[in-house]
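Chemist: Sharing a structure with you now.
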Amino acid sequence: MSINSVGRFPGLRLRRLRQSVAMRRMVRETRLDAGQLVLPLFVRDGKRLRRPISSMPGVFQLSVDEAVREATKAHEQGVGGVLLFGIPEEKDVRASGAHDSKGAVQAAVRSLKKELPDLIVITDVCLCEYMSHGHCGLVKTGRQGGQVLNDASLELLARAALSHAEAGADMVAPSDMMDGRVRAIREKLDGKGYANTPIMSYAAKYSSAFYGPFREAAESAPQFGDRRSYQMDPANALEAMREVALDIEEGADIILVKPGMAYLDIVHRVKTEFGYPTAAYAVSAEYSMIKAAAEKGWIDERAVFTESWLCAKRAGADILITYAATELAGWIRE
Ligand code: PBG
1 MSINSVGRFP GLRLRRLRQS VAMRRMVRET RLDAGQLVLP LFVRDGKRLR RPISSMPGVF
61 QLSVDEAVRE ATKAHEQGVG GVLLFGIPEE KDVRASGAHD SKGAVQAAVR SLKKELPDLI
121 VITDVCLCEY MSHGHCGLVK TGRQGGQVLN DASLELLARA ALSHAEAGAD MVAPSDMMDG
181 RVRAIREKLD GKGYANTPIM SYAAKYSSAF YGPFREAAES APQFGDRRSY QMDPANALEA
241 MREVALDIEE GADIILVKPG MAYLDIVHRV KTEFGYPTAA YAVSAEYSMI KAAAEKGWID
301 ERAVFTESWL CAKRAGADIL ITYAATELAG WIRE
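Residue 12 in our numbering sits at position 12 of the sequence shown; the count goes up by one each step and never skips.
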């Protein structure tokens, strides 16, 4: 053991509190709680289906029965909730599958709430997985190519959210980034007797290259153009504050920042400026990068995943959405 002296301040020894496990534990500022982890699940029709996603090792498209199995494992480790994405068998230009009461997400919600009533079931509300063109809203095609229509998409989003609430979802999470969708969803839910269903809003969602593997997982890559006309420019932080302020005004209960790791400055600002429950989404490429480097033996997977979670919490995130939720929960139990 060595103790440094700090030149001009002979009494100052910041290392004093780092000399033993017990001492470090006593002064630790951030603690990890598996109940604040959320595991995303990709569900589709079928039985006993586990279709691997090649760009996300360990992640699968699951039939409802398999999703319940996966959720049970997560729940047993103490994971707080799951976030459901649907992959419909058929897509069209009106995203009809998004509000289909017999859709895979709606069916998964019903099964999960029946089998695991204490697990928080959150649904992603978006149209991209259900649209043949892969955009998050209705598209008008013209001579200049396609244009994503904001206001016309709101009713569809609200209907999708309502179908999730009717199936029994504990919370809905709109990720489309249309302006005004939180209010549209709030009004729809309130009007139909779901005033107590919270909205976790993807308020600051950036147009990010870190979503690459997800688009394979959800089969939702846009067929033309990109999402820059509705998702945020990675160069902007003040704009994120305006997005969050609007969503709070419209009725958001939890604020989500996405991606996570490269955007922790945004997480921190959102938490300190608004003081709302804040979630960070460690997106697909964050997961895949860690997995890939670990497979090559270049990094210690467990240590890197755990440190990433700790850093998200230190930045101000209460909730972390991560594909590694079950493993993380298991590791901190040990
Ligand atoms: C759907 C949606 C996306 C993600 C979550 N919801 C993809 C996108 O906007 O292109 C990305 C999640 C991830 O990368 O893990 N709108």
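The beta carbon of each residue, even a glycine, is placed where N, CA and C say it ideally should be.
Considering only C-alpha positions, which residue in the set Arg50, Ala167 and Ser175 is nearest to leucine 154?
Modeler: With distances taken between Cα atoms, leucine 154 lies closest to Ser175.
Chemist: At what residues does the beta strand (DSSP E) containing methionine 232 begin and finish?
Modeler: Careful: methionine 232 lies outside any beta strand (DSSP E) and carries neither H nor E.
Chemist: At a cut-off of 7 Å, would you count tyrosine 211 as near the ligand FAD, judging by its Cβ distance to the nearest heavy atom?
Modeler: With respect to the ligand FAD, the structure offers nothing, as its ligand set consists of the ligand PBG.
Chemist: Measuring straight from C-alpha to C-alpha, what distance separates phenylalanine 274 and leucine 14?
Modeler: Computed Cα separation, rounded: 32 Å.
Chemist: Assign leucine 189 to one of two classes, buried (16 or more other C-beta atoms within 10 Å of its C-beta) or exposed (fewer than that).
Modeler: Buried: at least 16 other Cβ atoms inside 10 Å.
Chemist: Are the CB atoms of threonine 123 and valine 182 nearer to each other than 8 Å?
Modeler: No, the pair does not count as a contact, with Cβ atoms beyond the cut-off.
Chemist: Would you grab the beta carbon distance between glutamine 36 and aspartate 318 for me? Rounded to a whole angstrom, and I think it's under 8 Å.
Modeler: Correct: roughly 6 Å between the Cβ atoms.
Chemist: Taking the DSSP output, what are the residues bridged to tyrosine 281?
Modeler: According to DSSP, which records beta bridges pairwise, tyrosine 281 is partnered with Ile321.
Chemist: Under the criterion of a Cβ to heavy atom distance below 7 Å, does cysteine 311 qualify as lining the ligand PBG?
Modeler: No, Cβ of cysteine 311 sits at least 7 Å from all heavy atoms of the ligand PBG.
Chemist: Whole angstroms are fine: how far does the CA of methionine 26 sit from the CA of arginine 18?
Modeler: When rounded, the distance between both Cα atoms is 10 Å.
Chemist: Under the criterion of a Cβ to heavy atom distance below 7 Å, does phenylalanine 214 qualify as lining the ligand PBG?
Modeler: Phenylalanine 214: yes, Cβ under 7 Å from the ligand PBG.
Chemist: Distance check for arginine 228 and alanine 47, CA to CA, integer angstroms please.
Modeler: Note on residue identity: the sequence assigns lysine, not alanine, to residue 47. Looking at the two C-alpha atoms, the distance is approximately 37 Å.
Chemist: CB of serine 175 to nearest heavy atom of the ligand PBG: below 7 Å?
Modeler: Yes, Cβ of serine 175 sits closer than 7 Å to a heavy atom of the ligand PBG.
Chemist: Buried or exposed: where does aspartate 247 fall if 16 or more other Cβ atoms within 10 Å of its Cβ makes it buried?
Modeler: Buried, by the Cβ-count rule.
Chemist: Tell me, to the nearest whole angstrom, how far the beta carbon of alanine 34 is from that of glycine 78; I am working on the premise that it is less than 8 Å.
Modeler: Confirmed, about 4 Å.
Chemist: Throw me the rounded Cβ distance for the serine 284 and tyrosine 211 pair, which I believe falls under 8 Å.
Modeler: The Cβ separation is near 6 Å, so the contact holds.
Chemist: Would you report the Cα separation of alanine 209 and valine 68, rounded to the nearest angstrom?
Modeler: Straight-line Cα distance between these residues: approximately 30 Å.
Chemist: Applying the criterion that 16 or more other CB atoms from any shown protein chain within 10 Å of the CB defines a buried residue, is glutamine 231 buried or exposed?
Modeler: That one is buried.
Chemist: Taking only the alpha-carbon atoms, compute the straight-line gap between serine 2 and glutamine 61 and give it to the nearest angstrom.
Modeler: Because serine 2 carries a pLDDT of 46, less than 50, the predicted location of this residue cannot be relied on, and no value is offered for it.
Chemist: Flag this pair as yes or no: are the beta carbons of tryptophan 331 and leucine 320 separated by less than 8 Å?
Modeler: Taking 8 Å as the Cβ cut-off, tryptophan 331 and leucine 320 do not qualify as a contacting pair.
Chemist: Per DSSP, what are the beta-bridge partners of leucine 84 in this structure?
Modeler: DSSP output for leucine 84 lists Leu41 and Thr123 as bridge partner(s).
Chemist: For serine 55 versus glutamate 216, is the C-beta spacing smaller than 8 Å?
Modeler: Yes; because the gap between Cβ atoms is below 8 Å, this pair is in contact.
Chemist: Mind checking which residues open and close the alpha helix (DSSP H) that includes alanine 34?
Modeler: Note, alanine 34: premise wrong, no alpha helix (DSSP H); not H, not E.
Chemist: I think glycine 145 touches glycine 225, with their Cβ atoms under 8 Å apart; what is that distance to the nearest whole Å?
Modeler: Glycine 145 to glycine 225, Cβ: 6 Å. Contact.
Chemist: Indicate, with yes or no, if the ligand PBG has a heavy atom lying under 7 Å from the CB of valine 283.
Modeler: Valine 283: yes, Cβ under 7 Å from the ligand PBG.
Chemist: Within 10 angstroms of the Cβ of valine 93, are there 16 or more other Cβ atoms? Answer buried if so, exposed if not.
Modeler: That one is exposed.
Chemist: Pull the bridge partners of aspartate 300 from the DSSP assignment, please.
Modeler: Per DSSP, none; premise fails for aspartate 300.
Chemist: Find out if the Cβ-Cβ distance for the pair leucine 264, alanine 312 is shorter than 8 Å.
Modeler: Yes. Within cutoff.
Chemist: So what's tyrosine 194 in DSSP terms, helix, strand or just coil?
Modeler: The answer is coil: DSSP assigns tyrosine 194 none of H, G, I, E or B.
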